[in-house]
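Protein chains in written order, with the working numbering: chain A, 3 to 115; chain B, 49 to 360; chain C, 3 to 511.
Glycine is no exception: its CB is placed at the ideal position from the N, C-alpha and C atoms.
Source: prediction; values computed, not measured.
Down below is the structure, laid out as structure tokens.
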Amino acid sequence: MNAEVLFGLAGAVLAGLGLYGLVADPAPLRKLLAFNLLGGGVFLVFGVVARRGAAAGLGGDPVPQALVITGLVVAFAATALAVALLRLLFERTGQTLLDSAAPERTSPDQADE
Amino acid sequence: MTIGLLLDFFLVILALAAGWWTIGAKDSFGAAVAFVAYGLVLALIWVRIAAPDVALTEAAIGSGLTGGMLIAASTRLESARQATRAGSVTRRLAIALSALVAAAPALAVLGLPDPPPSLATAAMAALPSTGLGNPVTGVLLAYRAVDTLLEKVVLILALLGTWSLAPDRLWGGLPGRKERRNAASPLTLLGQVLPPIGIVIGLHILWVGADEPGGAFQGGTILAAMGMLAVMAGLVDVPATSRRWLRLLVVAGPGLFLIVGLAGFVIAGGFLAYPAGFAKPLILVVEVVLTLSVAAILLLLLAGPPEREPPR
Amino acid sequence: MTAPALADMPTAGGFLLVLAIMLPIAGVLLQFMLGGRQAERIALLVMPAGLAVAVAVTAALVRSGRPLVYHLGSLAPPLGLSLRADGFSALMLMTTALIVGAIGLFARADFATPTGPVEARQPFVFWTLLLALWSALAVVFLGQDLFTLYVGLELLTFGAVPLVSLDGRAETLTAALRYLLFALFGSAFFLAGTVLFYGEYGTLDIALLAARTHPDTTSAIAVAMMTAGLLAKTALFPFHLWLPPAHAGAPAPASALLSSLVVKGPFFLVVRLWFGAMPGLTDLPAAQLLGALGAGAVLFGGVLALRQPRLKPLIAYSTVAQLGYLFLMFPLAGGEGLPASVRMAVWTGGAVQAVSHAFAKAAMFAGAGLIGQALGHDRIGGLRGVGRALPVTTFALALAGLSLMGLPPSGGFLAKWLLVRASIVTAQWWWAALVLAGGLLAGGYIFRIIAPALSAPEQPLPAIPAPARRREAVVLALALVSVLLGVVPFGLTTLLAVGSPAIAHIVPR
Numbered sequence: 003m004n005a006e007v008l009f010g011l012a013g014a015v016l017a018g019l020g021l022y023g024l025v026a027d028p029a030p031l032r033k034l035l036a037f038n039l040l041g042g043g044v045f046l047v048f049g050v051v052a053r054r055g056a057a058a059g060l061g062g063d064p065v066p067q068a069l070v071i072t073g074l075v076v077a078f079a080a081t082a083l084a085v086a087l088l089r090l091l092f093e094r095t096g097q098t099l100l101d102s103a104a105p106e107r108t109s110p111d112q113a114d115e
Numbered sequence: 049m050t051i052g053l054l055l056d057f058f059l060v061i062l063a064l065a066a067g068w069w070t071i072g073a074k075d076s077f078g079a080a081v082a083f084v085a086y087g088l089v090l091a092l093i094w095v096r097i098a099a100p101d102v103a104l105t106e107a108a109i110g111s112g113l114t115g116g117m118l119i120a121a122s123t124r125l126e127s128a129r130q131a132t133r134a135g136s137v138t139r140r141l142a143i144a145l146s147a148l149v150a151a152a153p154a155l156a157v158l159g160l161p162d163p164p165p166s167l168a169t170a171a172m173a174a175l176p177s178t179g180l181g182n183p184v185t186g187v188l189l190a191y192r193a194v195d196t197l198l199e200k201v202v203l204i205l206a207l208l209g210t211w212s213l214a215p216d217r218l219w220g221g222l223p224g225r226k227e228r229r230n231a232a233s234p235l236t237l238l239g240q241v242l243p244p245i246g247i248v249i250g251l252h253i254l255w256v257g258a259d260e261p262g263g264a265f266q267g268g269t270i271l272a273a274m275g276m277l278a279v280m281a282g283l284v285d286v287p288a289t290s291r292r293w294l295r296l297l298v299v300a301g302p303g304l305f306l307i308v309g310l311a312g313f314v315i316a317g318g319f320l321a322y323p324a325g326f327a328k329p330l331i332l333v334v335e336v337v338l339t340l341s342v343a344a345i346l347l348l349l350l351a352g353p354p355e356r357e358p359p360r
Numbered sequence: 003m004t005a006p007a008l009a010d011m012p013t014a015g016g017f018l019l020v021l022a023i024m025l026p027i028a029g030v031l032l033q034f035m036l037g038g039r040q041a042e043r044i045a046l047l048v049m050p051a052g053l054a055v056a057v058a059v060t061a062a063l064v065r066s067g068r069p070l071v072y073h074l075g076s077l078a079p080p081l082g083l084s085l086r087a088d089g090f091s092a093l094m095l096m097t098t099a100l101i102v103g104a105i106g107l108f109a110r111a112d113f114a115t116p117t118g119p120v121e122a123r124q125p126f127v128f129w130t131l132l133l134a135l136w137s138a139l140a141v142v143f144l145g146q147d148l149f150t151l152y153v154g155l156e157l158l159t160f161g162a163v164p165l166v167s168l169d170g171r172a173e174t175l176t177a178a179l180r181y182l183l184f185a186l187f188g189s190a191f192f193l194a195g196t197v198l199f200y201g202e203y204g205t206l207d208i209a210l211l212a213a214r215t216h217p218d219t220t221s222a223i224a225v226a227m228m229t230a231g232l233l234a235k236t237a238l239f240p241f242h243l244w245l246p247p248a249h250a251g252a253p254a255p256a257s258a259l260l261s262s263l264v265v266k267g268p269f270f271l272v273v274r275l276w277f278g279a280m281p282g283l284t285d286l287p288a289a290q291l292l293g294a295l296g297a298g299a300v301l302f303g304g305v306l307a308l309r310q311p312r313l314k315p316l317i318a319y320s321t322v323a324q325l326g327y328l329f330l331m332f333p334l335a336g337g338e339g340l341p342a343s344v345r346m347a348v349w350t351g352g353a354v355q356a357v358s359h360a361f362a363k364a365a366m367f368a369g370a371g372l373i374g375q376a377l378g379h380d381r382i383g384g385l386r387g388v389g390r391a392l393p394v395t396t397f398a399l400a401l402a403g404l405s406l407m408g409l410p411p412s413g414g415f416l417a418k419w420l421l422v423r424a425s426i427v428t429a430q431w432w433w434a435a436l437v438l439a440g441g442l443l444a445g446g447y448i449f450r451i452i453a454p455a456l457s458a459p460e461q462p463l464p465a466i467p468a469p470a471r472r473r474e475a476v477v478l479a480l481a482l483v484s485v486l487l488g489v490v491p492f493g494l495t496t497l498l499a500v501g502s503p504a505i506a507h508i509v510p511r
């Protein structure tokens with residue numbers, strides 16, 4: 003076994019762990035954490051592919067490395083939007099679960115809409 | 049087994065443990081803390097696989113900003129802590145599904161061809177035409193420039209989506225609550241001392257990005273983090289989201305990138321092509337403005353939707 | 003080696019593809035910066051310009067009979083990125099330009115910018131995201147690199163999610179959050195497949211992949227993961243859970259965009275993947291699985307649409323059902339030694355279904371918006387007499403319904419007839435039976451709307467303010483296009499044959 007195989011398998015297991023949380027945990031915040039875990043695993047596979055492609059005096063293929071940088075920024079943006087949605091949902095309903103049909107809390111903020 | 053491989057094993061075990069903790073922690077605060085640890089271990093792994101640019105980004109954005117935001121969210125939502133265990137059928141199904149999904153890429157990784165295909169040689173061969181020394185920056189700002197441009201627009205849309213959650217009457221207002229300044233607080237001291245240092249480091253990371261690990265994202269993230277620290281210490285306030293200069297700052301980076309790209313039609317024979325000999329200065333100017341825009345957007349994303357009345 | 007071993011060469015007029023993407027992007031940046039009243043003005047200015055670009059792309063394709071290709075940064079793949087428009091891309095670009103324009107005109111009343119210096123939230127967000135969605139779709143239809151397509155999908159998600167929760171009710175927040183989580187799951191899976199492709203073939207360019215891919219374990223896993231991610235984003239059964247609350251909860255013009263255009267983006271990429279990046283996949287049993295999921299969507303969506311008490315959820319479930327037909331393309335276009343004419347008929351059938359459903363569904367959601375505003379509710383039980391109060395809208399809903407049911411002479415009929423004929427030619431009669439069953443279900447749920455609307459009200463309706471003529475005209479025009487697609491095929495077959503992988507798979511280029 004070499005380092006690339008080791009990290010590749012680790013990426014796969016981390017992706018599986020993340021998917022478990024995404025599917026099994028009913029709380030959206032935990033789903034969001036799980037999504038980021040899943041993303042980390044997938045990005046690690048990018049890293050392994052980059053490392054395998056080391057050539058021309060470089061330690062790794064710069065193309066997949068650059069893709070990860072773009073991907074990390076997009077994942078952050080997604081997390082930010084989801085957190086904002088979740089916080090507002092909590093303020094409005096006192097709930098943080100997706101499945102419960104909680105009655106809407108009447109909030110003076112929103113009465114004017 | 050070499051020392052290096054031993055270290056790699058150790059890092060993998062740490063990453064798996066932190067991942068396990070993120071999923072299994074009792075409360076979401078613990079899970080968020082575990083996630084930050086996970087991100088830091090990943091950053092170390094990125095160093096081990098010779099990807100320092102990614103390691104910087106992972107530490108700054110993946111672990112730092114994302115983790116910080118999730119920790120903050122978990123404390124805000126803490127009062128809503130409910131029994132959040134799924135039913136046993138769901139859990140069993142989820143275990144089967146995730147085992148399958150973990151097995152699939154594992155199998156695929158083992159089946160990757162040898163010798164592996166790589167664009168490293170091509171990327172290095174094209175690098176002199178850009179005048180850059182860091183091939184990752186070459187990929188981001190020259191070879192795959194359109195991805196980078198579009199991804200900036202993704203960030204702006206995320207910001208617009210976040211703002212859109214404000215009530216109508218607060219549209220254009222100030223994000224978050226005003227932090228009170230407390231001269232005795234250690235945060236205030238940090239807020240006074242760190243930002244100047246951080247700004248220098250952030251600009252340095254941007255500057256060396258042309259030739260060494262670093263660049264617009266990483267530099268922008270550090271600037272945003274310093275800004276957030278100053279905001280939390282109550283030293284400065286986030287400006288109202290209706291401010292014209294703020295909107296200009298947000299779109300300046302992608303806007304300039306687009307203008308340079310369109311100018312390429314005329315001066316370099318194609319969209320997002322750079323004229324020979326002028327590639328490096330153009331890329332550097334674009335990167336500086338992108339860094340400022342990225343810093344502004346990240347800071348505003350952290351600050352959230354407007355919560356205070358807009359100035360009239 | 004044959005020609006496909008190389009990346010596609012750039013063609014004259016390729017810069018039009020750059021404009022198709024960058025024109026709405028420039029609009030978004032200007033809208034965000036100038037804000038206020040300018041957001042609406044810029045959107046209205048970009049609409050005719052974007053339509054002109056789409057027309058120019060289509061004309062160039064028809065004239066040359068070849069796809070348009072552009073290499074960004076003058077750098078060829080695999081290191082550089084290329085854009086490419088074949089007939090299907092051009093048709094989707096035209097559809098997008100027309101529907102965005104129509105919905106923009108329709109939405110001026112809902113999202114009128116108030117006079118005065120202060121910017122209003124809903125109009126600003128709507129007009130900016132309208133152009134954002136347009137640029138995202140253009141990236142999805144023209145991108146030739148799997149990672150660029152990923153960024154395009156993210157643009158689409160970030161443009162669509164805030165539209166769902168635009169009016170801020172708690173239930174729409176839940177719907178938006180669920181939509182976002184499904185979309186993120188889809189993104190992660192799409193990326194996982196992307197990296198596996200890169201690891202095996204050293205490129206993400208679809209034309210290069212088409213020449214290099216071979217069916218082995220790694221490729222199969224890559225395609226399976228990407229397809230699963232895309233299905234979650236397009237809401238194919240059983241990933242449809244997020245769609246009905248999201249599409250029914252959004253404001254009517256936003257629902258029209260989401261249901262007619264946004265869900266077509268990920269579907270288009272499934273086609274790109276299965277016919278483009280890995281030609282030959284449709285010969286495999288996995289294509290039958292996609293068809294089976296499509297069948298599940300047609301039946302499940304149809305039955306649930308029959309049971310909805312309100313108009314907008316009914317229309318949303320109809321989208322779940324109609325998306326199912328699109329996935330019949332995969333089992334029907336497969337099979338060893340299938341004549342090119344049959345494959346081309348299936349290709350055309352799928353494309354016409356995508357386009358006619360887009361126009362029909364835009365008309366239905368916009369019409370439902372007018373009815374909802376006139377009545378103050380959208381309960382199906384309370385629709386009696388609407389036909390008299392809003393005759394034009396009711397007529398438009400009936401026309402759009404024709405297309406959804408697949409009755410002649412509509413575009414929906416042409417699409418479903420092509421699919422049925424292919425299923426008989428390829429001796430897969432069960433898909434024909436499914437199309438007929440789906441048509442019956444659609445007939446049932448359309449009848450549930452039209453029958454009460456045309457009947458006399460039990461008691462005289464309160465005075466209903468008539469909607470503006472222009473808004474009703476837009477709804478009618480959208481519905482008419484969905485019908486006319488079946489009468490005047492507009493040279494669709496010629497256009498769709500340009501660069502179609504359905505033919506290239508058999509006839510070596």
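Exercise for the section: Would you please state the rounded distance, in angstroms, between the beta carbons of C:Leu19 and C:Val59? I believe it to be under 8 angstroms. Expected result: Here residue 19 of chain C refers to the residue found at position 17 when the third sequence is read from its first residue. Here residue 59 of chain C refers to the residue found at position 57 when the third sequence is read from its first residue. That belief holds up - the Cβ atoms of C:Leu19 and C:Val59 are roughly 7 angstroms apart, short of 8 angstroms.
Handout entry: Validate contact between the segment 68–85 of chain A and the segment 12–26 of chain A using beta carbons, cut 8 angstroms, 3 pairs
Key = no
Problem - Residues of the segment 152–173 of chain C with Cβ closer than 8 angstroms to any Cβ of chain B, in chain order - result: Val153, Gly154, Glu156, Leu157, Phe160, Gly161, Val163, Pro164, Ser167, Leu168, Gly170
Handout entry: CA nearest to the CA of B:Ala91, picked from B:Ala264, B:Phe305, B:Thr105
Key = Residue 91 of chain B sits at position 43 when you count from the first residue of the second sequence. The shortest Cα separation from B:Ala91 among B:Ala264, B:Phe305, B:Thr105 belongs to B:Thr105.
Exercise for the section: For C:Leu85, name the three-state secondary structure that DSSP assigns. Expected result: Numbered from 1 along the third sequence, position 83 holds the residue referred to as residue 85 of chain C. Three-state DSSP puts C:Leu85 in a strand.
Practice task
From the DSSP output, in three-state form, read off B:Glu355 for me.
Solution key: Start at 1 with the first residue of the second sequence, and residue 355 of chain B comes out as number 307. Correct three-state label for B:Glu355: strand.
Practice task
To the nearest angstrom, report how far apart C:Arg309 and C:Phe302 are at their CA atoms.
Solution key: Position 307 of the third sequence, counting from 1, holds the residue named residue 309 of chain C. Position 300 of the third sequence, counting from 1, holds the residue named residue 302 of chain C. Whole-angstrom Cα-Cα distance: 11 angstroms.
Problem - Cβ of C:Val197 within 7 angstroms of any chain A Cβ - result: Counted from its first residue, the third sequence places residue 197 of chain C at position 195. Yes - at least one Cβ of chain A is within 7 angstroms of the one on C:Val197.
Practice task
Decide if A:Leu91 is buried, meaning its Cβ has at least 16 other Cβ atoms within 10 Å, or exposed.
Solution key: Looking up residue 91 of chain A in the first sequence gives position 89. Buried: at least 16 other Cβ atoms inside 10 Å.
Exercise for the section: Can you give me the Cβ contacts of A:Leu39 inside the same chain, cut-off strictly under 7 angstroms, excluding the 5 residues immediately before and after it? Expected result: Within the first sequence, the letter at position 37 stands for residue 39 of chain A. Contacts found: Leu16, Leu19, Gly20, Gly23.
Handout entry: Member of C:Val422, C:Gly488, C:Arg386, C:Leu377 whose CA lies at the smallest distance from the CA of C:Ser412
Key = Mapped onto the third sequence, residue 412 of chain C falls at position 410. It is C:Gly488 whose Cα lies nearest to the Cα of C:Ser412.
Exercise for the section: Identify the continuous beta strand (DSSP E) that holds C:Val71 and give its terminal residues. Expected result: Mapped onto the third sequence, residue 71 of chain C falls at position 69. Where C:Val71 is concerned, the enclosing beta strand (DSSP E) stretches over 70–73.
Exercise for the section: Keeping to the same chain, check which residues put their C-beta closer than 7 angstroms to that of C:Ala434; ignore five residues upstream and five downstream. Expected result: To locate residue 434 of chain C, count along the third sequence from 1; it is residue 432. For C:Ala434, where only same-chain residues beyond five positions count, the Cβ hits under 7 angstroms are Val422, Ser425, Ile426.
Practice task
Reducing DSSP to helix, strand and coil, say where A:Thr108 ends up.
Solution key: The residue labelled residue 108 of chain A in the question sits at position 106 within the first sequence. Note that A:Thr108 scores a pLDDT of 37, beneath 50, so its modelled location is shaky and nothing firm can be said.
Exercise for the section: Look at the Cβ atom of C:Leu144, then the Cβ atom of C:Ala87, and state whether they are nearer than 7 angstroms. Expected result: Taking the third sequence and counting its residues from 1, one reaches residue 144 of chain C at position 142. Taking the third sequence and counting its residues from 1, one reaches residue 87 of chain C at position 85. Contact flag set, yes.
Problem - 6 angstroms CB neighbourhood of C:Met96 in its chain, flanking five on each side removed - result: As a working note, residue 96 of chain C is residue 94 in the third sequence. Ala56, Thr60, listed in sequence order.
Practice task
Report, in whole angstroms, the separation of the C-beta atoms of C:Phe192 and C:Leu155, which I expect to be a contact under 8 angstroms.
Solution key: The residue you call residue 192 of chain C lines up with position 190 of the third sequence. The residue you call residue 155 of chain C lines up with position 153 of the third sequence. About 7 angstroms; that satisfies the 8 angstroms criterion.
Problem - Cβ-Cβ distance between C:Gly89 and C:Leu498 below 7 angstroms - result: Numbered from its first residue, the third sequence carries residue 89 of chain C at position 87. Numbered from its first residue, the third sequence carries residue 498 of chain C at position 496. Yes, these two residues count as a Cβ contact at 7 angstroms.
Problem - Pairwise C-alpha distance: C:Lys418 and C:Val437 - result: In the third sequence, residue 437 of chain C corresponds to position 435, counting from 1. In the third sequence, residue 418 of chain C corresponds to position 416, counting from 1. About 7 angstroms.
Handout entry: Bounding residues of the alpha helix (DSSP H) (the contiguous stretch that carries B:Val284)
Key = Along the second sequence, read from residue 1 onward, the residue named residue 284 of chain B stands at position 236. No alpha helix (DSSP H) holds B:Val284; DSSP gives it neither H nor E.
Practice task
Excluding the 5 residues preceding and the 5 following C:Tyr203 in the sequence, name in chain order all residues of the same chain whose CB lies nearer than 8 angstroms to its CB.
Solution key: Within the third sequence, the letter at position 201 stands for residue 203 of chain C. Cβ neighbours of C:Tyr203 beyond the five flanking positions: Leu210, Leu211, Arg214, Thr215.
Practice task
Could you check the C-alpha separation between B:Arg356 and B:Gly282 for me, to the nearest Å?
Solution key: Within the second sequence, residue 356 of chain B is the residue found at index 308, counting from 1. Within the second sequence, residue 282 of chain B is the residue found at index 234, counting from 1. Distance between the alpha carbons of B:Arg356 and B:Gly282: 16 angstroms.
Exercise for the section: Step through the CB atoms of chain A and report whether any lies within less than 7 angstroms of the CB of B:Arg139. Expected result: In the second sequence, the residue the question calls residue 139 of chain B occupies position 91. So yes, B:Arg139 belongs to the interface.
Exercise for the section: Label C:Leu442 either buried or exposed according to how many other C-beta atoms from any shown protein chain fall within 10 Å of its C-beta, with 16 as the threshold for buried. Expected result: On the third sequence, residue 442 of chain C is found 440 positions in, with the first residue counted as 1. Classification for C:Leu442: exposed.
Problem - Exposure label - B:Asp101; buried when at least 16 CB within 10 Å - result: On the second sequence, position 53 is the one that residue 101 of chain B refers to. Buried is the call here.
Exercise for the section: Mind listing the chain C neighbours of A:Gly96? Cutoff is C-beta to C-beta under 8 angstroms, in chain order. Expected result: Taking the first residue of the first sequence as position 1, residue 96 of chain A is located at position 94. In chain order: nothing, as chain C lies at least about 10 angstroms away.
Practice task
Taking B:Leu64 as the reference, give the member of A:Phe9, A:Val50, A:Ala52 with the closest Cα.
Solution key: Locating residue 64 of chain B in the second sequence gives position 16, counting from the first residue. Checked all of A:Phe9, A:Val50, A:Ala52; the closest Cα to B:Leu64 is A:Phe9.
Exercise for the section: Would you kindly check if the distance between the Cβ of A:Leu83 and the Cβ of B:Ala206 is under 7 angstroms? Expected result: Counting from 1 along the second sequence, the entry for residue 206 of chain B is found at position 158. Counting from 1 along the first sequence, the entry for residue 83 of chain A is found at position 81. In contact: B:Ala206 and A:Leu83 (Cβ atoms closer than 7 angstroms).
Exercise for the section: Assign C:Trp432 to buried or exposed, taking buried as 16 or more other Cβ atoms, counted over all protein chains shown, within 10 Å of its Cβ. Expected result: For the purposes of this step, residue 432 of chain C is taken as the residue at position 430 of the third sequence. Exposed, by the Cβ-count rule.
Exercise for the section: Determine, using beta carbons only, whether C:Leu498 comes closer than 7 angstroms to chain B. Expected result: Within the third sequence, residue 498 of chain C is the residue found at index 496, counting from 1. It does not; no Cβ of chain B falls within 7 angstroms.
Practice task
Tell me whether C:Trp407 is buried or exposed, calling it buried when 16 or more other Cβ atoms sit within 10 Å of its Cβ.
Solution key: Here residue 407 of chain C refers to the residue found at position 405 of the third sequence. The residue you asked about is not Trp; residue 407 of chain C is Met in the sequence shown. Answer is buried; the Cβ neighbour count reaches 16.
Exercise for the section: Answer with yes or no whether the minimum CB distance from A:Ala84 to chain B is below 7 angstroms. Expected result: The residue you call residue 84 of chain A lines up with position 82 of the first sequence. A:Ala84 does not count as touching chain B.
Problem - C-alpha distance - C:Ala368 paired with C:Leu233, whole-angstrom precision - result: One-based indexing of the third sequence puts residue 368 of chain C at position 366. One-based indexing of the third sequence puts residue 233 of chain C at position 231. Spanning the two alpha carbons is a distance of roughly 26 angstroms.
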